[in-house]
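J.: This is the structure I have questions about; it appears just below.
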Amino acid sequence: MDYSNRREFVAAAGTAAAAFAAGCLGGASSSSRTVTVDYAYYNPVSLVLREKGWVEEEFSDSDADVNWVLSLGSNEANQYAQSGEAEFASTAGIAALMARANGIPIRTPYIYSRPEWTALVANSDSGISKVEDLVGKSVAATRGTDPHFFLLQALDAAGVSESEVDIVHLQHPEGQDALVQGDVDAWAGLDPHMAELELEYDVDLFFRKPSFNTYGFLNAQESFLQDHPEDSKRVLRAYERGREWAIDNPDETVSILAEASEMSEPVARKVFTERTDLSTPLPGEQHRSLLSDLAPILHEKGIVSEDVDLQAAIGELIDSETAAPVIE
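Under the working numbering, the residues of the sequence shown are numbered 1070 to 1397, in order.
Printed below as a string of structure tokens:
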């Protein structure tokens, strides 16, 4: 299989190279530091902020430059956090917990969405109509992301062992292509790629369960929150401005999403208007409760060491205080 021509990977490579060059050369300006924020097609507010320049506006009176990096999935966003390449990065909630439990020092001060962004997808002529039909079949998923955990939960709920399914670990765009080309039998999908298939190809979302989707977590390096509280509030103020604007301007938000992801406006409209809820920006008890319910799967699947206290990790991850002053 060769998916090297996918525009997402070209874009990611270019962004990474630019970030590397900026780090080595100190950027084009004489600023003494850079604050790096990710953007992701699964995080429409990040696309609004990048389009409008509102993060840069927040830092216009500071000595910091703003840099953007593209996240293709929660696993890549967690890699940015682990390497220190980004101060703020977008993941699903369960992926953020996995990172924190595995020693990546992040906290979640902001919820960028409550989406229904994943489901299990198969070609309509595949004969797959329920989770039990996956026995002996191959399923593409991106390890360490919400679709991966969604798949694991779906298998558990259906009484299907993970060993009975061939999970093929591919990045989200690769999984989309692999399904269309018939290289896998099913795909643990992620919007907007999933919505594109649903509208433009003959596929079925054969298993949907919104409660298996975790929230969109905007994670920050713990040290950055502690050492640069005012800069942290700058980013969060921009996010809150972007969230409120997106709610008030859905049509323009759809256009921004469509242009950034190079997908059609009907696809972007389905993602944003039907599957994206921006009403709960402050992390709180509902997020702790959801992660507590899902945490055991991290131990059961060996994704986190058995000696890790996941409830403690949840307490360390969820930050209900930092963004409170900027949320009306």
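For glycine and all other residues, C-beta sits at the position ideal for the given N, C-alpha and C. Being a predicted model, the structure only gives us computed values, none of them experimental.
#1: Thinking Y1270 and H1356 are a contact (beta carbons under 8 Å), I'd like their distance in whole angstroms, please.
#2: Note the first and the last residue of the continuous beta strand (DSSP E) segment covering R1277.
#3: Just how far apart, CA to CA, sit N1136 and S1348?
#4: Can you tell which of V1117, E1120, E1156 and P1216 has its C-alpha closest to the C-alpha of L1287?
#5: Based on Cα-Cα distance, which residue from M1167, A1364, F1218 and D1300 lies nearest to W1401?
#6: Return the chain-ordered list of same chain residues with a C-beta closer than 7 Å to the C-beta of W1123, the five sequence neighbours on each side being excluded.
#7: Please report the straight-line C-alpha distance between E1369 and D1134, rounded to a whole angstrom.
#8: In terms of alpha-carbon separation, which member of T1103, Y1110 and L1203 lies closest to S1324?
#9: Could you tell me the boundaries of the beta strand (DSSP E) in which D1271 lies?
#10: Which partner residues does L1139 have in the DSSP bridge list?
#11: Among all the DSSP beta bridges, which residues are the ones paired with R1176?
#12: For my contact list, L1189 and A1223 are in at a C-beta cut-off of 8 Å; report their separation, rounded to the angstrom.
#13: Check whether the region 1295-1307 and the region 1101-1121 are in contact - that is, three or more C-beta pairs closer than 8 Å.
#14: Relative to the C-alpha of I1399, which candidate in E1343, V1336 and F1293 has its C-alpha closest?
#15: Report the option in I1163, N1112, Y1179 and D1132 whose CA atom is closest to the CA atom of Q1290.
#16: Measure the C-alpha to C-alpha separation of D1388 and S1333 and round it to an integer number of angstroms.
#17: Could you say which of L1203, L1351, Q1245 and S1330 lies nearest to E1397 if we only look at CA atoms?
T.: Taking the structure as given:
#1: Actually they are not in contact, since the Cβ atoms of Y1270 and H1356 sit about 34 Å apart, beyond 8 Å.
#2: Segment: none, R1277 is in no beta strand (DSSP E) and carries neither H nor E.
#3: Taking the straight line from one Cα to the other gives about 27 Å.
#4: Distances from the CA of L1287 to each of V1117, E1120, E1156 and P1216 were compared; the closest alpha carbon is that of E1156.
#5: This structure cannot settle anything about residue 1401, because the visible part of the chain is limited to 1070 through 1397.
#6: Once the five neighbours on either side are set aside, the close Cβ partners of W1123 are A1307, R1310 and G1311.
#7: Using only the alpha carbons, I get a separation of about 43 Å.
#8: Comparing Cα positions, the closest option is Y1110.
#9: For D1271, there is no enclosing beta strand (DSSP E), as DSSP marks it with neither H nor E.
#10: Looking at the DSSP output, L1139 bridges to Y1108.
#11: Paired residues: A1289.
#12: Right, their Cβ atoms sit about 6 Å apart.
#13: Yes, since at least three Cβ pairs between the region 1295-1307 and the region 1101-1121 fall closer than 8 Å, the two stretches touch.
#14: Any answer about residue 1399 is impossible in this case: the structure gives the chain only from 1070 up to 1397.
#15: For Q1290, the closest alpha carbon among the candidates I1163, N1112, Y1179 and D1132 is that of Y1179.
#16: Roughly 36 Å between the two C-alpha positions.
#17: Taking only the C-alpha atoms, the option nearest E1397 is L1351.
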